[in-house]
Amino acid sequence: MSANTAVAEKYRNNFLKEIEEQVEMGDWVKMCMQCGVCSGSCPTNFQSAWDHPPQELFMMIRAGKREEVLTSSSMWNCTSCYNCIVRCPRKIPITHIMHGLAEYAHRIGMAPKMQATRFFSGLFWKNATHTGRVNELKLSLGLYFKDGFVQGVKNGMAMQSVALGLVKAGRLNVLELFGGHKCKDQKGIHAMLAKAYEIERVRKAAKMAG
Ligand code: SF4
Ligand code: SF4
Numbered sequence: 009m010s011a012n013t014a015v016a017e018k019y020r021n022n023f024l025k026e027i028e029e030q031v032e033m034g035d036w037v038k039m040c041m042q043c044g045v046c047s048g049s050c051p052t053n054f055q056s057a058w059d060h061p062p063q064e065l066f067m068m069i070r071a072g073k074r075e076e077v078l079t080s081s082s083m084w085n086c087t088s089c090y091n092c093i094v095r096c097p098r099k100i101p102i103t104h105i106m107h108g109l110a111e112y113a114h115r116i117g118m119a120p121k122m123q124a125t126r127f128f129s130g131l132f133w134k135n136a137t138h139t140g141r142v143n144e145l146k147l148s149l150g151l152y153f154k155d156g157f158v159q160g161v162k163n164g165m166a167m168q169s170v171a172l173g174l175v176k177a178g179r180l181n182v183l184e185l186f187g188g189h190k191c192k193d194q195k196g197i198h199a200m201l202a203k204a205y206e207i208e209r210v211r212k213a214a215k216m217a218g
């Protein structure tokens with residue numbers, strides 16, 4: 009049984025309870041009085057990438073719209089500017105809930121796979137933890153080729169003058185493609201991360217089991 013099926017079964021017809029128990033600060037959602045100040049204060053919700061501003065997401069949670077909320081790209085577009093928290097008359101930790109929703113959707117496999125922020129987070133994490141140092145060249149190429157080879161070549165062509173400028177200024181080294189800088193104690197970093205993953209895995213398993 010998938011993680012999503014298991015929790016959907018566990019919280020059948022009670023999506024608000026699921027959010028309260030599984031999402032960071034999710035127990036604040038019921039405090040929202042739908043004034044809309046957060047959505048009106050959000051500097052990014054006017055961009056086309058947003059499906060639902062925060063106040064709408066909270067209303068949808070209470071209305072039991074599980075599929076729509078967990079597959080939404082909205083929480084992935086939150087930039088943590090904290091405008092909403094500062095202005096919310098109920099002092100609801102909106103930013104934390106937005107990130108908590110994104111993490112939960114990811115955890116149970118409901119998050120939109122190719123959503124740009126989600127894709128970049130995964131790419132960055134993999135890149136940075138591989139050697140303990142970010143390889144900017146590989147990171148950029150990974151992003152350029154996100155939508156396939158042809159689009160990747162087009163993206164590369166469009167950015168070639170910027171890349172050449174960076175090479176000339178000594179800010180980009182093409183040899184990074186074949187290795188690149190790394191931390192001295194990579195084994196130590198990997199061991200530390202393995203321990204952190206294990207602690208997180210146990211914590212989340214306990215949360216899911218409730
Ligand atoms: S500002 Fe606060 S109370 Fe108003 S809609 Fe947003 S979360 Fe709800
Ligand atoms: S913290 Fe996120 S949701 Fe809140 S106003 Fe900023 S971008 Fe919008």
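Numbering (this note's numbering), first residue to last: 9 to 218.
Using N, Cα and C, we set each Cβ at its ideal position, and we do this for glycine too.
Note to self: If we require 4 or more residues per run, which alpha helix (DSSP H) segments fall completely within the segment 20-60?
What the structure shows: 23-30 and 45-49
Note to self: Would you say ILE116 lies against chain B (beta-carbon separation less than 9 angstroms)?
What the structure shows: Protein chain content of the structure displayed is limited to a single chain, and chain B is not contained in it.
Notebook entry, point to check: By how many angstroms is the C-alpha of LYS176 removed from the C-alpha of HIS198?
Noted result: In the sequence shown, the residue the question calls residue 198 occupies position 190. In the sequence shown, the residue the question calls residue 176 occupies position 168. Approximately 34 angstroms, taken between the alpha carbons.
Check: Between which two residues does the alpha helix (DSSP H) harbouring SER129 extend?
Finding: Locating residue 129 in the sequence shown gives position 121, counting from the first residue. Per DSSP, SER129 belongs to the alpha helix (DSSP H) from 124-139.
Checklist line | CA-to-CA distance, LYS121 to GLY130, given in whole angstroms | finding: Taking the first residue of the sequence shown as position 1, residue 130 is located at position 122. Taking the first residue of the sequence shown as position 1, residue 121 is located at position 113. If you take the alpha carbons of GLY130 and LYS121, they lie about 11 angstroms apart.
Next item on the list: Output yes or no for whether 9 angstroms exceeds the beta carbon distance between MET118 and THR79.
Entry: By one-based count along the sequence shown, residue 118 stands at place 110. By one-based count along the sequence shown, residue 79 stands at place 71. The answer is yes: Cβ separation under 9 angstroms.
Next item on the list: Could you check the C-alpha separation between ALA71 and LEU65 for me, to the nearest Å?
Entry: Along the sequence shown, one-based indexing puts residue 71 at 63. Along the sequence shown, one-based indexing puts residue 65 at 57. Each residue's alpha carbon lies about 10 angstroms from the other.
Margin query: Can you give me the C-alpha to C-alpha distance between THR87 and ASN22, rounded to a whole angstrom?
Written below: Within the sequence shown, the letter at position 79 stands for residue 87. Within the sequence shown, the letter at position 14 stands for residue 22. Approximately 29 angstroms, taken between the alpha carbons.
Notebook entry, point to check: Taking the alpha helix (DSSP H) that PRO120 falls in, what are its first and last residues?
Noted result: For the purposes of this step, residue 120 is taken as residue 112 along the sequence shown, with counting starting at 1. Neither: PRO120 is in no alpha helix (DSSP H) and is coded neither H nor E.
Next item on the list: Taking only the alpha-carbon atoms, compute the straight-line gap between GLN168 and VAL161 and give it to the nearest angstrom.
Entry: Counting from one through the sequence shown, the residue named residue 168 turns up at place 160. Counting from one through the sequence shown, the residue named residue 161 turns up at place 153. So the alpha carbons of these two residues sit roughly 10 angstroms apart.
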